[in-house]
Amino acid sequence: MIFRKANPSHTDSDLDSRDRRRRGRRRDDDVPTWPQEDVAEEAPRAPSSGSADAERGHGPYDASEVESVDEPFEVGRIDLGGLQVHPVEGIELRLQVDEASQTVVAALLVQEDSALELRAFAAPRSGGLWDDIRREIASETTRRGGIVTEATGPFGDEIKVMVPTRLPDGQQATQASRIVGVDGPRWLLRGTLIGRAANEPEAAGPLLAAMAQVVVVRGRNPMAPRDMIPLRLPDAARQLGSDGADLR
1 MIFRKANPSH TDSDLDSRDR RRRGRRRDDD VPTWPQEDVA EEAPRAPSSG
51 SADAERGHGP YDASEVESVD EPFEVGRIDL GGLQVHPVEG IELRLQVDEA
101 SQTVVAALLV QEDSALELRA FAAPRSGGLW DDIRREIASE TTRRGGIVTE
151 ATGPFGDEIK VMVPTRLPDG QQATQASRIV GVDGPRWLLR GTLIGRAANE
201 PEAAGPLLAA MAQVVVVRGR NPMAPRDMIP LRLPDAARQL GSDGADLR
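Spelled out as structure tokens, the structure:
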């Protein structure tokens with residue numbers, strides 16, 4: 001497996017434009033993968049309504065619900081601090097790093113012309129943060145002249161947004177994203193599907209299945225609701241430098 005920092009130019013628009021150019025053919029260049037056991041491509045069924053502390057029949061999981069949280073490598077998980085990610089064959093892990101602060105702000109799971117951005121936030125004990133965030137995203141999308149579609153997906157309520165944008169070559173285009181969220185015990189995990197996965201369920205399936213294997217490690221420190229749960233580079237990557245490390 002190759003870990004690498006996400007290219008700052010690897011944006012939603014870039015994925016959309018690449019998707020249009022490459023639709024219908026597989027990428028032939030060497031894509032780093034996780035040569036580990038497969039995760040089923042079918043994402044979990046939608047959870048029943050209830051508070052964040054209600055028993056969930058599937059992931060993403062809270063740290064209290066899994067074994068070996070303190071030693072995730074022993075069970076094959078990659079430790080990113082606030083998130084632990086289970087490797088999946090054919091999916092590449094990248095981390096989005098804020099260049100100014102040199103802090104990790106999101107994990108990006110990439111498969112061909114699709115990607116899933118994962119961000120974790122602190123949430124109130126009462127849960128329901130995803131409902132608020134979803135409404136705010138919808139309002140901002142409408143303000144920007146975009147279109148919002150609500151749906152029920154494998155993790156419950158989700159939204160698809162389409163906003164006008166300008167491609168790197170200057171052409172006008174519409175940028176699509178499919179946004180899902182999971183309320184856990186005092187945390188929210190938000191996933192944003194971009195590229196081909198924003199529009200095609202068969203492309204989204206493996207990425208959502210990988211999201212269902214994620215473990216959220218909020219920690220016990222006090223955090224205000226909506227604060228980002230800190231992420232960090234994996235140990236091996238920090239030892240070898242931040243430009244990327246071969247973690248096979």
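Residue numbers (the UniProt record's numbering): 1 to 248.
Here a beta-carbon is modelled for each residue, glycine too, at the ideal position from N, C-alpha and C.
**Q.** Environment of D131 [buried if 16+ CB atoms lie within 10 Å]
**A.** D131 comes out exposed.
Q: Could you tell me which of E200, T165, I229, N221 sits nearest to R190, measuring between CA atoms?
A: I229
Q) How many Å lie between V105 and F121 at the Cα? A) 11 Å
Q) With W187 and R220 assumed to form a contact (beta carbons below 8 Å), what rounded beta-carbon distance in angstroms separates them? A) No, W187 and R220 are not in contact; Cβ-Cβ is about 12 Å, not under 8 Å.
Q: Would you mind sorting S177 into buried or exposed? The rule is 16 or more other CB atoms within 10 Å of its CB.
A: buried
Q.
What would DSSP say about R143, mapped onto helix, strand or coil?
A. helix
Q | Reduced DSSP category for R134 - H, G, I as helix; E, B as strand; rest coil | A | helix
Q: With DSSP collapsed to three states, give me the class of G81.
A: In the three-state scheme derived from DSSP, where H, G and I count as helix and E and B as strand, G81 is classed as strand.
Q) Is the stretch 191-208 in contact with the stretch 123-130, if contact means three or more CB pairs nearer than 8 Å? A) With a cut-off of 8 Å, the stretch 123-130 and the stretch 191-208 do not count as touching, because too few Cβ pairs lie within range.
Q. Rounded to whole angstroms, how far is the Cβ of L83 from the Cβ of A107, which I believe are closer than 8 Å?
A. 6 Å
Q. Roughly how many angstroms lie between the CA atoms of A138 and R94, to the nearest whole one?
A. 27 Å
Q) What is the DSSP secondary structure of R232, counted as helix, strand or coil? A) coil
Q: Report buried or exposed for R134, applying the criterion of at least 16 other Cβ atoms within 10 angstroms of its Cβ.
A: buried
(Q) Could you check whether V97 and V215 sit closer than 8 Å to each other, using their CB atoms as the reference points? (A) no
Q: Rounded to whole angstroms, what's the CA-CA distance from T152 to E158? Just pull it up for me.
A: Cα to Cα, the separation comes out at about 6 Å.
(Q) Please classify D29 as buried or exposed, where buried requires at least 16 neighbouring CB atoms within 10 angstroms. (A) Because D29 sits at a pLDDT of 30, beneath the cut-off of 50, its placement in the model cannot be relied upon, and the following sentence gives the value as read from the coordinates. Label assigned to D29: exposed.
Q | Inter-residue Cα distance where the pair is H86 and G59 | A | 12 Å
Q: Please confirm whether P206 and V88 have their CB atoms less than 8 Å apart.
A: The answer is yes: Cβ separation under 8 Å.
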